[in-house]
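Colleague: Have a look at the structure that comes next, please.
In the working numbering, the protein residues as written are 1395 to 1647.
Given below as structure tokens:
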């Protein structure tokens, strides 16, 4: 059963990656082109002010390749990986989250994953277009982002576990509210404790920065929505007649 779900998860992930690629091409790449143009203009102005002659660096990967096959490969492979991991989490969670069916379980897991993996880290360390960010601090910024990501995932897992423990004594609604508040509290403390990074150039267009970050979140929203809904539909079809042992404490009521 797990192998069957894993295959379906990766297939749905590939489909989600294809749709996310289309979204990125239509909405994301124009913002990247604008950011690159700004970066080139800023570099040219700086060189002109200093009296230096512009020296063109060799282009290791062309912009056409980056926006085409490079983007396609990266997004589709990422989608397949997320889909595969999602299917494994689903296989573990199914039957442990009350009496939810395959579609409801998949949708709930996709929403939780989108919040924990995308929204929470981006609130503290949002995606930046070219020309934003100091190349010398990229290592530190990457580490901070992954710290926030790990804290977010750990807090999400802990809050779900807390809700399960409180389910029998507090009821489903109260358990969910208490667990959600605990998650928000942990995230708020982590985001306050971690250092803020602001390396946006003073004259960088605010609308471009906003559109790029919204597009980045939109790409992930497409990916997680397709995985949640698509995998739920496939799982429901493949698991027809299968009744897992309900392990959640709702079985006591």
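Note that the Cβ used here is the ideal one computed from N, Cα and C, for glycine as well.
Looking only at its own chain, which residues have a Cβ that is under 8 Å from the Cβ of residue 1419, when we skip the five neighbours before and after it?
Modeller: If you number the chain shown from 1, residue 1419 lands on position 25. Closer than 8 Å at Cβ, skipping near neighbours: 1461 and 1465.
Colleague: Within a Cβ cutoff of 6 Å, which residues of the same chain sit near residue 1463, ignoring the five residues on either side of it in sequence?
Modeller: Residue mapping note: residue 1463 aligns to position 69 of the chain shown, counting from 1. Excluding positions up to five away in sequence, the list is empty.
Colleague: Take residue 1499 and list the residues in its own chain whose beta-carbon comes closer than 7 Å to its own, dropping the five residues that flank it on each side.
Modeller: Against the chain shown, residue 1499 aligns to sequence position 105. Excluding sequence neighbours, residue 1499 sits near 1484, 1487, 1488 and 1491.
Colleague: What separation, rounded to the nearest whole angstrom, lies between the Cα atoms of residue 1650 and residue 1546?
Modeller: Outside the modelled stretch of the chain, which goes from 1395 to 1647, sits residue 1650, for which no answer is possible.
Colleague: Quick one: is residue 1426 buried, meaning 16 or more other Cβ sit within 10 Å of its Cβ, or exposed?
Modeller: Your numbering for residue 1426 matches position 32 in the chain shown. Buried: at least 16 other Cβ atoms inside 10 Å.
Colleague: Could you tell me how far apart the beta carbons of residue 1593 and residue 1527 are, in whole angstroms, since I believe they sit closer than 8 Å?
Modeller: Taking the first residue of the chain shown as position 1, residue 1593 is located at position 199. Taking the first residue of the chain shown as position 1, residue 1527 is located at position 133. Indeed they touch by this definition, with Cβ atoms about 5 Å apart.
Colleague: Taking Cβ positions, are residue 1540 and residue 1470 nearer each other than 8 Å?
Modeller: Walking along the chain shown from the start, residue 1540 turns up at place 146. Walking along the chain shown from the start, residue 1470 turns up at place 76. Their beta carbons are not under 8 Å apart, which means residue 1540 does not touch residue 1470 by this criterion.
Colleague: Could you check which residue in 1561, 1538, 1580 and 1562 has the C-alpha nearest to that of residue 1549?
Modeller: Here the question's residue 1549 lines up with position 155 in the chain shown. Measuring from the Cα of residue 1549, the nearest candidate turns out to be 1580.
Colleague: Quick check on the burial criterion: 16 or more other C-beta atoms within 10 angstroms. Buried or exposed for residue 1589?
Modeller: Counting from one through the chain shown, the residue named residue 1589 turns up at place 195. So residue 1589 counts as exposed.
Colleague: For residue 1586, count neighbouring C-beta atoms within 10 Å of its own C-beta (all shown protein chains included) and say buried if the count is 16 or more, exposed if not.
Modeller: Within the chain shown, residue 1586 is the residue found at index 192, counting from 1. The residue in question, residue 1586, is exposed, as its Cβ has fewer than 16 Cβ neighbours within 10 Å.
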